[in-house]
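The number in our numbering is simply the position in the sequence shown, starting from 1, with 547 added.
Every residue, glycine too, gets a C-beta built ideally from N, C-alpha and C.
Structure first, then comments.
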Amino acid sequence: MSGARSPCRITAYRPGDRDAVVHFQRLLWNGGPSLNAAYLDWKYGRNPYLDHRYLMLAWDGDELAGMVGAFGACWEANGGDRVVLPCLADAVVAPDQRGGPLFGRMLDELVARLRADGIPWLLDFGNGLAVPALLMQGWKAIGPWPLASARRGGRVVDARSWPEAEGGGLQGSRSGVSIRASRAPHPPTIAALAAEVPLPDGVRRHVRDLEYITWWHQNPLARYFYLTAEAEGAPCGYLVGHRSLDPDDHPTPTTILDCEARSDEVWLDLLETALTHLPGSTVLLWARDISPGRRGGLGSVGFEVKEPTGQVTRDWQLPSLILRSTGVLDPSSPLAALDSPAAWDLRAVCGRSWR
548 MSGARSPCRI TAYRPGDRDA VVHFQRLLWN GGPSLNAAYL DWKYGRNPYL
598 DHRYLMLAWD GDELAGMVGA FGACWEANGG DRVVLPCLAD AVVAPDQRGG
648 PLFGRMLDEL VARLRADGIP WLLDFGNGLA VPALLMQGWK AIGPWPLASA
698 RRGGRVVDAR SWPEAEGGGL QGSRSGVSIR ASRAPHPPTI AALAAEVPLP
748 DGVRRHVRDL EYITWWHQNP LARYFYLTAE AEGAPCGYLV GHRSLDPDDH
798 PTPTTILDCE ARSDEVWLDL LETALTHLPG STVLLWARDI SPGRRGGLGS
848 VGFEVKEPTG QVTRDWQLPS LILRSTGVLD PSSPLAALDS PAAWDLRAVC
898 GRSWR
C-alpha cells in the first residue's frame, strides 16, 4: 500500500523556473512555447510597477503542479497620489490536483507575502462561477456592472479588412471629424487625452501615463486595433480594440478596452467606426463609468446592454471586481474605502486588457 501523497511545496518564482512555467502554462496560454515565454517576460518581467515576486508556484516533487500570479497595477487619486495594488491572474492547477486545496494554499501564501510587504488589497477582475465561493471567503465585491455587446448575426469581420491603408478616409457621421485607423499605438496621444478626463475626489482609477501605455500595448498574446479622431489636424479622441490570437472566426469576443473623446459625438463616432471594422463576430464594451449621455447612445451605434439582475446565477458572466484585504489596512486610511463601488473608476481596465 502506497503512502499518503505529500503536500505540494509552494515557492515564489525564480528565473530558473522560467522553462517549467512556460511549459506548464500551455494549460492556460495558447501562444506556443515562444509566445508563452514572451508573455511571461512581458507581464511579470517588464511590468512597470512590480516584478515576479508575487508569482506563486506549487511543486509536486520536481514537477510544477500549480501557479497563481499577481502582477503590478497602479491606481491614482485626484491630486496625483498613487498606490500599487496587484491584480490576481494566471491561476492554473494540474488536472490531478484540481478539486483539492492547492489553489487555496497558493492564494494564502500570496496574500501572506502581500501582507508582509504592506500591500493592503489584492484585486481580481476575473468573472465566473468561482466568484460566489471567493465572496464566502471574505472577498468584497465591486460589481457586477453592465456589459454592452454587439453581435453581428453570424457575420465575421476579418482583421485583414482593418482600414489602416485608408489613412484619413474615415469620417464620423455625427461629428464630421476625421478618423484614422492603425495597428500601431501612439502612446503620447493616448496619454495626453486620458489625462484630460477629470477624476472626482475619493475615487481611484488606473494610471494611463506614457510608461504604462507603452508597456500595456506590447502584450505578445494580443492583437490591438487603434482609432484616432482628429479635428483641424489635432487629436480629439481615441479608441483601443483588443483581440486574442484566436482566428477571427473563433467565438472569442473582441473587446473595446479604452475609448476617450472630447465630445459625446466623437465618442459615439469612434464606437460606430469600431463596430464596422473590428475583427470577429462579437464586440464587447464595459458599460461602467460612462456618462448618461454616452450610455444612452450605445443603442444607436449597435450595442445592446445587459444589466445586472442581482441574481448570482444570472450575473456570473458580467464583469466585476472583487477585493481581498491582506489585513494590514488602518481603518482610518483612505484606502479603507476601496471596498465601495463608488470609490472606483474602472475605465480602461477591462479584464481582457491583461490577458
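Residues near residue i by beta carbon distance below 8 Å, same chain, minus five either side
{"i": "residue 671", "result": "634, 635, 681, 686, 868, 869, 870 and 871"}
{"i": "residue 812", "result": "719, 721 and 722"}
{"i": "residue 578", "result": "585, 586, 767, 768 and 792"}
{"i": "residue 804", "result": "787, 788, 789, 895, 897, 899 and 900"}
Beta bridge counterpart(s) of residue i as assigned by DSSP
{"i": "residue 687", "result": "870"}
{"i": "residue 666", "result": "None; residue 666 has no bridge partner."}
{"i": "residue 770", "result": "790"}
{"i": "residue 634", "result": "618 and 670"}
{"i": "residue 606", "result": "556 and 611"}
{"i": "residue 775", "result": "727 and 785"}
{"i": "residue 629", "result": "623"}
{"i": "residue 891", "result": "751"}
{"i": "residue 801", "result": "830"}
{"i": "residue 584", "result": "Answer is none; residue 584 lacks a bridge partner."}
{"i": "residue 711", "result": "Note: residue 711 sits in no beta bridge, so no partner."}
{"i": "residue 808", "result": "784"}
Cα-Cα separation between residue i and residue j, rounded to whole angstroms
{"i": "residue 750", "j": "residue 744", "result": "13 Å"}
{"i": "residue 654", "j": "residue 608", "result": "20 Å"}
{"i": "residue 696", "j": "residue 556", "result": "43 Å"}
{"i": "residue 819", "j": "residue 875", "result": "46 Å"}
{"i": "residue 927", "j": "residue 866", "result": "Since the first residue shown for the chain is 548 and the last is 902, residue 927 is missing from the structure and cannot be characterised."}
{"i": "residue 772", "j": "residue 814", "result": "16 Å"}
{"i": "residue 849", "j": "residue 659", "result": "46 Å"}
{"i": "residue 554", "j": "residue 666", "result": "28 Å"}
{"i": "residue 806", "j": "residue 834", "result": "12 Å"}
{"i": "residue 736", "j": "residue 758", "result": "13 Å"}
{"i": "residue 624", "j": "residue 878", "result": "18 Å"}
{"i": "residue 741", "j": "residue 580", "result": "35 Å"}
{"i": "residue 884", "j": "residue 890", "result": "7 Å"}
{"i": "residue 567", "j": "residue 588", "result": "14 Å"}
{"i": "residue 756", "j": "residue 810", "result": "21 Å"}
{"i": "residue 800", "j": "residue 860", "result": "22 Å"}
{"i": "residue 880", "j": "residue 776", "result": "41 Å"}
As assigned by DSSP and simplified to three states, the class of residue i
{"i": "residue 763", "result": "helix"}
{"i": "residue 716", "result": "helix"}
{"i": "residue 837", "result": "coil"}
{"i": "residue 854", "result": "coil"}
{"i": "residue 753", "result": "strand"}
{"i": "residue 698", "result": "strand"}
{"i": "residue 703", "result": "coil"}
{"i": "residue 568", "result": "helix"}
{"i": "residue 640", "result": "strand"}
{"i": "residue 742", "result": "helix"}
{"i": "residue 900", "result": "helix"}
{"i": "residue 680", "result": "helix"}
{"i": "residue 579", "result": "helix"}
{"i": "residue 596", "result": "coil"}
Same chain only: Cβ atoms within 6 Å of residue i, ignoring 5 sequence neighbours per side
{"i": "residue 828", "result": "699 and 703"}
{"i": "residue 911", "result": "There is simply no residue 911 to check, as the chain begins at 548 and stops at 902 in what is shown."}
{"i": "residue 894", "result": "836"}
{"i": "residue 887", "result": "none"}
{"i": "residue 796", "result": "703"}
{"i": "residue 498", "result": "The requested residue 498 is not part of the displayed model; the chain covers only 548 to 902."}
Neighbourhood of residue i by C-beta distance below 7 Å, restricted to the same chain and skipping five residues each side
{"i": "residue 678", "result": "863, 867 and 869"}
{"i": "residue 822", "result": "697, 830, 848 and 849"}
{"i": "residue 562", "result": "none"}
Residue i beta carbon near the ligand SAM (any heavy atom closer than 7 Å)
{"i": "residue 604", "result": "In the structure on display, the ligand SAM does not appear, and there are no ligands present to speak of."}
Residue-chain proximity (residue i, chain D), Cβ-Cβ < 8 Å
{"i": "residue 605", "result": "Of the protein chains in the structure, only one exists, and it is not chain D."}
Could you tell me whether the stretch 567 to 579 touches the stretch 639 to 653, where touching means 3 or more Cβ pairs closer than 8 Å? A contact exists between the stretch 567 to 579 and the stretch 639 to 653.
Pairing CB atoms from the stretch 614 to 634 with CB atoms from the stretch 761 to 770, are three or more of them under 8 Å? Segments in contact, no.
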